[in-house]
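**Student:** Residue numbers (my numbering): 1 to 311.
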Amino acid sequence: MTALLQPVHEATRKFVSQPIGKATDNMYSYLALVQDDPTIQIVNQAQKAYVEKVAPSVAAMAGLPILSAGAPFKAGGRKNDPTGYTEVNKGELTFRNAADLYLYPNTLVVVKVTGDQLKEWLECSAGMFNQIDPTSDKPQSLINWEGFRTYNFDVIDGVNYEFDITKPARYDGECKLINPESHRVVNLTYQGKAVEPNAEFLIATNNYRAYSNKFPGTGDQHIVYASPDENRQILADYIKATSEKEGAVNPSADKNWRFVSITGNDKLDIRFETSPTEQAAQFIKEKAQYPTKQVGTDEVGFAVYQIDLSK
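#1: Is there contact here, the segment 124-132 with the segment 79-97, by at least three beta-carbon pairs under 8 Å?
#2: How should K119 be labelled, buried or exposed, when 16 other C-beta atoms within 10 angstroms of its C-beta is the threshold for buried?
#3: Would H9 be called buried (16 or more neighbouring beta carbons within 10 Å of its own) or exposed?
#4: I need the DSSP call for E244, collapsed to helix, strand or coil.
#5: What does the alpha-carbon distance come out to for the pair T218 and V260?
#6: Buried or exposed for E123, please, with buried defined as at least 16 other CB atoms from any protein chain shown within 10 angstroms of its CB.
#7: Whole angstroms are fine: how far does the CA of V54 sit from the CA of K333?
#8: Among P251, I270 and A49, which one has its Cα closest to the Cα of S310?
#9: Tell me which same chain residues have a C-beta within less than 8 Å of the C-beta of M128, skipping the five on either side of it?
#10: How many Å lie between P19 and L93 at the Cα?
#11: Within its chain, find whatever has a CB closer than 6 Å to the CB of I42; leave out the 5 residues flanking it on each side and keep chain order.
#12: Can you name, in chain order, every residue of its own chain whose Cβ lies under 7 Å from the Cβ of S29, other than the five neighbours on each side?
#13: Taking the C-alpha atoms as reference points, what is the distance between K79 and S57?
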């Protein structure tokens, strides 16, 4: 049996090892839960570019702004895997790298949402964070590991927004409304203007998210286009096409989301966990959007960092 399967194995190995293009920067997910991130950025760029080509031929999509939603698939697991991070080096890329950036065999789906549904989608994503007490001087954990799965932390590119994490989460980890009076998502803008509740947008996402009916704006009634193409193949094709045209893809995060600054308490001690490797430490030193310093290692083996959100 092994001998029979060997040719198939070799063909697969050859395929995933074929160069598809180049990247100008490293794509590591060490900071994916605390700031905009290159491993999500490149996926959203690819999905958006794909829909821009398709949209003119689909009446329900014509003329609407195109956004894209992506989530960190490898960002520490369920806080049980300090090695579980996306690590794709700059330079030559292969299909294996595309598969590492997009783990699952999902297909691309486009949903149509209102501005209000877009905001509520982001409110659901905001459940990724614990509520921070701005008056406390005790260590506070930023990431809601127990109550929220990292693959549900959708970053939506094409708009800008901020999270006010001094407020309680509006939704729980299953996107069920738990604090109807709370609103964490503020300063939501499209092209510099506030997003109106009745505005309409297209969001490129995957079939798992689009058909789930979990996030606001998802479910059958919102589907306007279902592609037969897998998201990771779309990503690989984007890397190839962009590299051929421009020499390489630029995955640098555009910093379209951030936290509302938490000021007035010099002793505020907010912490998050990430990879303990030297590579991660160097990446964080170079790319951290907020003042960040390592303060220890936890019992699982994650590096613990202090993050200054007063900036």
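For each residue, glycine too, the CB sits at the ideal point set by N, CA and C.
**Tutor:** Taking the geometry as given:
#1: no
#2: buried
#3: Residue confidence for H9 is low, a pLDDT of 46 falling below 50, so the modelled location carries little weight and cannot support an answer.
#4: helix
#5: 27 Å
#6: buried
#7: The requested residue 333 does not occur in the structure, where the chain is confined to residues 1 to 311.
#8: I270
#9: L33, I143, N144, F148, T150, N152 and F153
#10: If you draw a straight line from the Cα of P19 to the Cα of L93, it is about 6 Å long.
#11: P251
#12: D37, T39, P72, K74, A75, Y85 and T86, listed in sequence order.
#13: Distance between the alpha carbons of K79 and S57: 43 Å.
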